[in-house]
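Data block below; observations after.
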Amino acid sequence: RAKDEGRGRHRFFSRSIHEASLARQLLQAELRRALDQRQFSLVYQPKVNLWTRQVLGVEALLRWTRPDGRPISPLEFIPLAEASGLIVPLGAWVLETACQQSRAWAQASGEELAVSVNISAVQFTDPGFVDMVERCLRNTGLPPRLLELELTESMLITDIARVQQTLRALQALEVCVSIDDFGTGYSSLSYLQNFPVQTLKIDRSFLKTVPDDPQASAVVEAVIALGRSLNLGVIAEGVETTEQARCLLNLGCAAMQGYLFGRPMAAPELLAWVQEWHRGGDSWEET
Ligand code: C2E
Ligand code: MG
Ligand code: MG
Ligand code: MG
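Residues in the sequence shown are numbered from 658 upward in steps of one, following the UniProt record's numbering.
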């Protein structure tokens with residue numbers, strides 16, 4: 658009796674595992690077609706400095722809308738694209754599109770908006786990566802100082818010699834590099850000073866409980882202090898409330914990104930947002 662139950666359960670589990678992997682495979686096949694069929698698009702989220710009132714730039718975020726209209730989160734499809742290697746051509750498309758967009762904004766409005774692009778580990782370790790970045794800058798004519806690559810901490814700690822080499826090559830191109838989701842990985846602080854990176858992005862998870870949770874506030878303070886002592890820029894992501902913004906200002910961090918200021922937007926909407934920000938720009942204080 659117990660044995661039967663055990664066997665039944667085993668059958669049940671293996672079927673659901675099988676179904677899950679089938680679903681993954683189907684999604685992966687769809688993903689491969691999606692690039693050809695232009696189902697991907699980019700949205701752009703502003704980064705601002707609350708002291709200077711500057712718009713620091715925008716982060717490009719990838720969106721996939723399936724033909725049935727259903728959006729799939731990058732948190733779901735990026736790992737699949739990484740597993741299949743599709744991230745390499747897809748990532749190249751993202752970079753090219755983001756660079757083109759920044760150029761197009763400058764031409765249409767005179768607004769020079771720096772653009773940040775998220776880079777996956779698989780892309781970063783691809784031997785053709787730096788060449789691809791260089792080609793992209795050449796093809797689009799974007800000044801390299803207007804391009805920032807967002808890497809994550811975990812990408813920097815494996816094969817450090819090679820990472821250093823890639824970062825130096827990017828530095829030679831005059832492209833900026835930031836460390837995304839900072840504080841969630843395991844980056845060794847001693848290595849950090851040897852990496853040619855310019856900015857630390859404090860992960861959203863620490864902001865969630867600021868200012869109420871003293872421990873989260875302590876992490877935020879520590880990252881700000883670290884940035885100051887290593888002469889790196891610090892920006893906080895995921896700022897949703899005025900309390901969080903005020904708290905960050907008090908701690909000495911004026912660079913912020915989050916729903917409080919602007920959600921990720923389609924390109925035309927973003928330009929309108931920037932113009933509105935320059936006109937008034939303090940609507941966030943009233944929310
Ligand atoms: P990320 O680079 O850390 O991007 C920040 C994420 O937080 C974005 O989610 C953004 O929409 C969201 N966000 C921004 N402000 C707020 C806020 O105030 N509150 C909350 N709750 N969320 C906020 P999204 O667009 O779903 O992207 C998720 C992740 O997917 C990104 O995290 C990034 O790791 C990855 N990703 C997105 N686009 C690309 C891409 O083009 N290439 C690669 N390799 N990864 C990408
Ligand atoms: Mg990012
Ligand atoms: Mg981030
Ligand atoms: Mg994050």
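Note that beta-carbon positions come from the ideal geometry of N, C-alpha and C, so glycine has one too.
Neighbourhood of residue i by C-beta, 6 Å cutoff - its chain only, sequence neighbours within 5 removed
i: A873; result: F863, T866, V867
i: residue 958; result: A question about residue 958 goes unanswered here, because the residues of the chain that appear run from 658 up to 944.
Nearest-angstrom Cα separation, counted from residue j out to residue i
i: S730; j: L905; result: 29 Å
i: P871; j: I881; result: 15 Å
i: K704; j: E900; result: 18 Å
i: N796; j: D788; result: 12 Å
i: W762; j: D725; result: 31 Å
i: E739; j: R825; result: 24 Å
i: residue 976; j: L743; result: The chain is shown from 658 up to 944; residue 976 falls before or after that span and cannot be answered.
Helix, strand or coil at residue i according to DSSP, with G and I counted as helix
i: A659; result: Residue confidence is low: A659 scores 48 on pLDDT, short of 50, so the model does not pin down where it sits. Its coordinate-derived value is still stated next. Correct three-state label for A659: helix.
i: T944; result: Since pLDDT at T944 reaches only 46, below the 50 mark, its modelled position is unreliable, and the value read off the structure follows with that caveat. Three-state DSSP puts T944 in coil, outside helix and strand.
i: D720; result: The sequence shown places Arg at residue 720, not Asp. DSSP places R720 in strand when its eight states are reduced to three.
i: C756; result: helix
i: V745; result: helix
i: I859; result: strand
i: P801; result: helix
i: F839; result: strand
i: I817; result: helix
i: S673; result: helix
i: C910; result: coil
Exposed unless 16 or more other CB atoms sit within 10 angstroms - verdict on residue i
i: E933; result: exposed
i: Y701; result: buried
i: G937; result: exposed
i: D860; result: buried
Residue range of the alpha helix (DSSP H) that includes residue i
i: Y848; result: 846–849
i: G890; result: G890 -> not in any alpha helix (DSSP H); beta strand (DSSP E) instead, spanning 890–893.
7 Å CB neighbourhood of residue i in its chain, flanking five on each side removed
i: K660; result: Caution is warranted here: a pLDDT of 49 is assigned to K660, below 50, making its placement in the model unreliable, and the coordinate value is therefore given only provisionally. Around K660: no qualifying Cβ.
The beta strand (DSSP E) enclosing residue i, as first and last residue numbers
i: P871; result: Not the beta strand (DSSP E): P871 falls in the alpha helix (DSSP H), residues 871–886.
i: P703; result: 697–706
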